[in-house]
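With this note's numbering, letter number 106 in the sequence shown gets 142, and the count goes up by one each step, no holes.
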Amino acid sequence: MSKSLQAIRGMNDILPEQTPLWRYFEGTVARLLDNYGYKQIRMPIVEFTELFKRSIGEVTDIVEKEMYTFEDRNGDSLTLRPEGTAACVRAVLEHGITGGGQVQKLWYIGPMFRHERPQKGRYRQFHQIGLEVFNLDGPDIDAELIIMTWRLWGELGIRDAVKLELNSLGTSESRGRYREALVEYLSAHHDKLDEDSQRRLKTNPLRVLDTKNADTQAVLVDAPKMADYLDDESRAHFEGLKARLDAVGIPYVLNPKLVRGLDYYSKTVFEWVTDKLGAQGTVCAGGRYDGLVEQMGGKPTSGVGFAMGIERLVLMLETLEQIPEEISRQVDVYLCAFGEQAELAGLALAERVRDQLPNLRLQVNAGAGSFKSQFKKADKSGALYALILGDDEMAQQVVGFKPLRGQGEQQSIAWDALAAHLATCVVQG
Ligand code: ATP
Ligand code: MG
37 MSKSLQAIRG MNDILPEQTP LWRYFEGTVA RLLDNYGYKQ IRMPIVEFTE LFKRSIGEVT
97 DIVEKEMYTF EDRNGDSLTL RPEGTAACVR AVLEHGITGG GQVQKLWYIG PMFRHERPQK
157 GRYRQFHQIG LEVFNLDGPD IDAELIIMTW RLWGELGIRD AVKLELNSLG TSESRGRYRE
217 ALVEYLSAHH DKLDEDSQRR LKTNPLRVLD TKNADTQAVL VDAPKMADYL DDESRAHFEG
277 LKARLDAVGI PYVLNPKLVR GLDYYSKTVF EWVTDKLGAQ GTVCAGGRYD GLVEQMGGKP
337 TSGVGFAMGI ERLVLMLETL EQIPEEISRQ VDVYLCAFGE QAELAGLALA ERVRDQLPNL
397 RLQVNAGAGS FKSQFKKADK SGALYALILG DDEMAQQVVG FKPLRGQGEQ QSIAWDALAA
457 HLATCVVQG
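Written as structure tokens, this is what we have:
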């Protein structure tokens, strides 16, 4: 017997019973982004490996150990994208759409791939909705990104379950000075650091700040503080952002240890975190990356963005039971027809109704069946109404109209009047 085929660990099917919630979530975000004036961009999911090494940074977790990298038939090293920013920057540069200071407000959606240890809220193929803004360098746009997500949490009914953490990493100059001071301090306490942090001290010292190790955390208590190293420009930017969040009434917590995993951030960094999902608590994360475009070979171009994890947010909606009732019902009306003539008439009638009510969710019974079996299927479909076409109805050119939920007697409706009648009793999305 051959071994049965299975999906790759950490790569999930999203089953039909789950897709309505995904589509509700994705639709809500897409509508919001449209309304704020963002345009969608679609990039390939495979890029040259070099792109990610150059943008994300060689010594980050992602590049060091999480990428799905392979050689294609030409011998090129390719990688399944672990995140969207690199490809988005590559795309805007390649097409010259940020040249001459052109502002771009872009968003994307799709699968990302990281070879991590699969667990609740952490997968090897996962999905993000991400957003990037180019050529706006003030704190007003940083604020807009956060305000937009705040509105999203409100619309989804999960605002009370998330918390905004905020930090500023400063310009690359001020971060450079801070890094020096931090390395000097940590080197003096080298023996008290955990092994991972000792390694990071050499490769990516800011990452030591978000260690989970208690001994290292104790050492960090007296470490130099990033806030003391911010230059005037970074400080003004950060104050500008906070003033705007205050004006809109968005609460935040300053977290001086928030550094984010990737190399390319500068000034603003933020995370929306929750305590409802266990260990995988970050649902949306982002920040400013003013040096990235230049680092990737473009003209100096400011950038700011974020990405949210769809799996984690869908999990939140489920955990907090914020699933709108209307998404669980996918059929409005179910048409049952008995006998061949009725089936033919039913098909034609259904198409006429669909012409007039393009948003009606009308399901026509397939596979014939007895009165009892078709009714069972109509009921199971979740439809509000059944339409019935039998010999009697055919003779009178009417259709039986039967409410399936709640009260109401069956009535007969003339074929010509059916669409108008349905329009009055089914609320169409
Ligand atoms: P984490 O600290 O949880 O590993 P990250 O900093 O690596 O997150 P980002 O690269 O900032 O994550 O990605 C943005 C968002 O994408 C995260 O906040 C999270 O919601 C989601 N995400 C990241 N990695 C995964 C994963 N392996 N599985 C599911 N969602 C993920
Ligand atoms: Mg990660």
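Cβ atoms here follow ideal geometry from the backbone N, Cα and C, with glycine treated the same way.
Exercise for the section: Would you please state the rounded distance, in angstroms, between the beta carbons of TYR104 and GLU347? I believe it to be under 8 angstroms. Expected result: By one-based count along the sequence shown, residue 104 stands at place 68. By one-based count along the sequence shown, residue 347 stands at place 311. Contact flag wrong, Cβ pair sits at about 18 angstroms.
Practice task
Please go through the same chain and pick out, in chain order, the residues whose beta-carbon is closer than 8 angstroms to the beta-carbon of VAL125, but skip the five residues on each side of it.
Solution key: Here residue 125 refers to the residue found at position 89 when the sequence shown is read from its first residue. Only SER91, GLU168, LEU328, VAL329, MET332, GLY334, GLY339 meet the Cβ criterion.
Problem - Spatial distance of ALA381 from ARG365 (CA atoms) - result: For this step, residue 381 is matched to residue 345 along the sequence shown. For this step, residue 365 is matched to residue 329 along the sequence shown. Cα to Cα, ALA381 sits roughly 26 angstroms from ARG365.
Exercise for the section: Assign ILE50 to one of two classes, buried (16 or more other C-beta atoms within 10 Å of its C-beta) or exposed (fewer than that). Expected result: Position 14 of the sequence shown, counting from 1, holds the residue named residue 50. With fewer than 16 other Cβ atoms within 10 Å, it is exposed.
Exercise for the section: Determine the contact status of MET262 and LYS312, defining contact as a CB-CB distance below 7 angstroms. Expected result: As a position in the sequence shown, residue 262 is number 226, starting the count at 1. As a position in the sequence shown, residue 312 is number 276, starting the count at 1. Not closer than 7 angstroms, so no.
Exercise for the section: Verify the contact flag: GLU347, CB atom, against every heavy atom of the ligand ATP, threshold strictly below 6 angstroms. Expected result: The count along the sequence shown starts at 1 and reaches residue 347 at position 311. Yes, since a heavy atom of the ligand ATP falls inside the 6 angstroms radius drawn around the Cβ of GLU347.
Problem - Candidates ALA250, PHE162, PRO292, of which the one nearest MET148 by Cα - result: Start at 1 with the first residue of the sequence shown, and residue 148 comes out as number 112. Here the closest residue by C-alpha is PHE162.
Problem - GLY345 - partner residues in DSSP beta bridges - result: Mapped onto the sequence shown, residue 345 falls at position 309. DSSP lists GLN164 as partners of GLY345.
Handout entry: Euclidean distance between Cα positions of ALA455 and TRP189
Key = Position 419 of the sequence shown holds residue 455. Position 153 of the sequence shown holds residue 189. Roughly 38 angstroms separates the two Cα atoms.
Problem - Host alpha helix (DSSP H) of GLY405 (start-end) - result: Counting from one through the sequence shown, the residue named residue 405 turns up at place 369. Where GLY405 is concerned, there is no enclosing alpha helix (DSSP H), given that its DSSP letter is neither H nor E.
Practice task
Just mark LYS75 as buried or exposed, buried being the case when its beta carbon has 16 or more other beta carbons within 10 Å.
Solution key: Numbered from 1 along the sequence shown, position 39 holds the residue referred to as residue 75. Its Cβ having fewer than 16 others within 10 Å, LYS75 is exposed.
Exercise for the section: Enumerate in chain order the residues of its own chain whose CB-to-CB distance from THR252 is below 6 angstroms, with the five nearest sequence positions on each side excluded. Expected result: As a working mapping, residue 252 is identified with position 216 in the sequence shown. Counting only Cβ-Cβ distances below 6 angstroms, and skipping sequence neighbours, we find LEU229, ASP230, SER233.
Exercise for the section: Say yes only if the C-beta of THR355 is nearer than 6 angstroms to one or more non-hydrogen atoms of the ligand ATP, and no if none qualify. Expected result: For this step, residue 355 is matched to residue 319 along the sequence shown. Checking every heavy atom of the ligand ATP against the Cβ of THR355, none is found closer than 6 angstroms.
Exercise for the section: Going by DSSP, name the residue or residues bridged to MET148. Expected result: Taking the sequence shown and counting its residues from 1, the one referred to as residue 148 is at position 112. Residue pairing by DSSP places MET148 opposite PHE162 in a beta bridge.
Exercise for the section: Quick one: give me the first and last residue of the beta strand (DSSP E) that PRO439 is part of. Expected result: Your numbering for residue 439 matches position 403 in the sequence shown. For PRO439, the enclosing beta strand (DSSP E) covers residues 434 to 439.
Handout entry: Distance CB(ALA386)-CB(LEU398) smaller than 7 angstroms
Key = Within the sequence shown, residue 386 is the residue found at index 350, counting from 1. Within the sequence shown, residue 398 is the residue found at index 362, counting from 1. Taking 7 angstroms as the cut-off, the Cβ atoms of ALA386 and LEU398 count as close.
Problem - Of the listed residues ASP227, ALA217, HIS225, ASP264, nearest to LEU242 (C-alpha basis) - result: In the sequence shown, counting from the first residue as 1, residue 242 sits at position 206. Ranked by how close their Cα comes to the Cα of LEU242, the residues ASP227, ALA217, HIS225, ASP264 have ALA217 in first place.
Handout entry: From PHE84, PRO260, ALA321, residue whose alpha carbon lies closest to that of HIS225
Key = On the sequence shown, position 189 is the one that residue 225 refers to. That would be PRO260, whose Cα lies nearest to the Cα of HIS225.
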